[in-house]
Amino acid sequence: MLIRFLLVAGLASAVTSARAQTAPEPPTAPPTETKYYDANRHVLPTEVGAVEKRVTTYRDTLSATVRTYYLPSGKAKLFAPYADMRHALRHGTVSEFYESGQLRFQATYVAGKLVGDLLTYYPDGILKRRQHHQPNEADPTVTGECFGPDGKPVPFFPYEQMPVYPEGAGDKAAVARAVQMNTKYPSLALRYQVSGVVKVKFVVDRTGQVTSVEPVPPAENAVPAKLARAYQALQDAASDAVRQLKPFVPGKQDGEPVAVSFTVPVTFRMQ
4 MLIRFLLVAG
14 LASAVTSARA
24 QTAPEPPTAP
34 PTETKYYDAN
44 RHVLPTEVGA
54 VEKRVTTYRD
64 TLSATVRTYY
74 LPSGKAKLFA
84 PYADMRHALR
94 HGTVSEFYES
104 GQLRFQATYV
114 AGKLVGDLLT
124 YYPDGILKRR
134 QHHQPNEADP
144 TVTGECFGPD
154 GKPVPFFPYE
164 QMPVYPEGAG
174 DKAAVARAVQ
184 MNTKYPSLAL
194 RYQVSGVVKV
204 KFVVDRTGQV
214 TSVEPVPPAE
224 NAVPAKLARA
234 YQALQDAASD
244 AVRQLKPFVP
254 GKQDGEPVAV
264 SFTVPVTFRM
274 Q
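Just add 3 to the spot in the sequence shown (first one is 1) and you have the working numbering.
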C-alpha cells in the first residue's frame, strides 16, 4: 500500500509539474498586409516617396479592416471594415479624416451597399453634403443636399462622377470600343494562332491623363509555356492600344478631381 501511495503521489507531482511548466500559447496575431502609395496611387516598395500607408488586418480569409495613414505624418486617414476583401464589400461604418484630424467622410455600408446618410465635411468642420440612401435592388433611391463653404445650400450633385471619355457616350463601353479600334494583332500571335481576351488595367489621373497601364496576368498555367511569347505579344499590343486613349474629363469625388482605376478587356480573334 505504501509503495502504491508513493507511486500515485509521485505521478500527481509529475503531472502538477508538467502543468506548471506548460504555459498557455499566446494568441496568434491576425495577418496583416502593408502597402505604400504615391500621389497617383502607384504602389511603392517602401515608404520612400509615399504619401499614404495602407494596413489591412485580416479577421479571417475574407473579412478585414483597412486603416490608411498620411505620410510622413502617420496621422489616421481612413478606417474601413470589409466583409469580403476579395470583392471589396464594405460592411460597417467607414470614416475618413483630414490630416488635421477633422472628419471628412462618414457612411455606413451593409454587404457593400450604402444605407442611411452619407456625410462629408469641409476642413473646418462645416457640413458639405448629407446624402440619404434607401437601398432597393430594383431602383436604389438617393436624395440629399449639398452646402457651400459658408454653410449655405448649393445645387445637389452626385458624390461620385466617373471620368468621361471624349467619344461616343463617354462611358466604359466607349472606352472599350476605342481600345479595340486601336488594337493591332501582333504577327507573332498570328503565326502561333493565339487568340483570346487580354485584360489591361490603367488609371485616369486627376488631370484626365491615362497612366499606370499594365496587363492583368493570366491565371496560373492558363498559357502553355510554348505559347508564352505569343501571349506576351498580345499583352503588349493590348497595352499599347490603351496608351493611345485620348485624355478624359477627370473623375470627381464630392466635387474634387480624383484618380480612377479601370480594367478593360481586349479581344483578339482571328477571322
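We put the CB at the ideal spot given by N, CA and C, even for glycine.
Checklist entry - Would His-136 be called buried (16 or more neighbouring beta carbons within 10 Å of its own) or exposed? => result Burial call: buried.
Item to check | Buried or exposed by the 16-neighbour rule on C-beta atoms within 10 Å, applied to Gly-254 | outcome: Gly-254 should be labelled buried.
Checklist entry - DSSP three-state call for Asn-43: helix, strand or coil? => result DSSP places Asn-43 in the coil class of the three-state scheme, outside both helix and strand.
Next on the checklist: Is the beta carbon of Thr-59 closer than 7 angstroms to that of Ala-53?
Outcome noted: No, they are not a contact pair.
Checklist entry - Buried or exposed: which applies to Pro-218, given that a residue is buried once 16 or more other Cβ atoms fall within 10 Å of its Cβ? => result Result: buried.
Next on the checklist: According to DSSP, is Arg-132 part of a helix, a strand, or is it coil?
Outcome noted: Three-state result, Arg-132: strand.
Next on the checklist: Taking 7 angstroms as the threshold (C-beta atoms), are Ala-233 and Ala-192 in contact?
Outcome noted: Against a cut-off of 7 angstroms, the Cβ pair of Ala-233 and Ala-192 comes out as a contact.
Next on the checklist: Determine whether the beta carbon atoms of Asp-239 and Asn-43 lie at a separation below 7 angstroms.
Outcome noted: When the beta-carbon positions are compared, Asp-239 and Asn-43 stay at least 7 angstroms from each other.
Next on the checklist: Among Gln-212, Pro-189, Pro-169, whose alpha-carbon lies nearest the alpha-carbon of Ala-181?
Outcome noted: Comparing C-alpha distances from Ala-181 to each of Gln-212, Pro-189, Pro-169 shows the shortest one belongs to Pro-169.
Next on the checklist: Taking the straight line between their C-alpha atoms, what separation do you get for Ser-242 and Pro-152?
Outcome noted: Cα to Cα, Ser-242 sits roughly 42 angstroms from Pro-152.
Item to check | Three-way DSSP call (helix, strand, coil) for Arg-180 in this model | outcome: Note: Arg-180 maps to helix in three-state DSSP.
Checklist entry - Hey, how far is the Cα of Pro-227 from the Cα of Leu-237? => result The alpha-carbon of Pro-227 is positioned some 14 angstroms away from that of Leu-237.
Checklist entry - Which word fits Phe-251, buried or exposed, when buried means at least 16 other C-beta atoms lie within 10 angstroms of its C-beta? => result Burial call: buried.
Item to check | Arg-93 burial status per 10 Å Cβ neighbour count (16 or more: buried) | outcome: Taking a 10 Å sphere around the C-beta of Arg-93, we find 16 or more other C-beta atoms and assign the residue as buried.
Next on the checklist: On the DSSP bridge list, what partners appear for Leu-117?
Outcome noted: DSSP output for Leu-117 lists Tyr-112 as bridge partner(s).
Checklist entry - How far does the alpha helix (DSSP H) with Val-245 in it reach, from first residue to last? => result Per DSSP, the continuous alpha helix (DSSP H) segment holding Val-245 begins and ends at 231-246.
Checklist entry - With C-beta atoms as the reference, is Phe-150 less than 7 angstroms away from Pro-158? => result Not a contact, by the Cβ cut-off of 7 angstroms.
Next on the checklist: Let's test the definition: count the other Cβ atoms within 10 Å of the Cβ of Ala-114 and tell me whether it reaches 16, buried, or not, exposed.
Outcome noted: So Ala-114 ends up on the exposed side.
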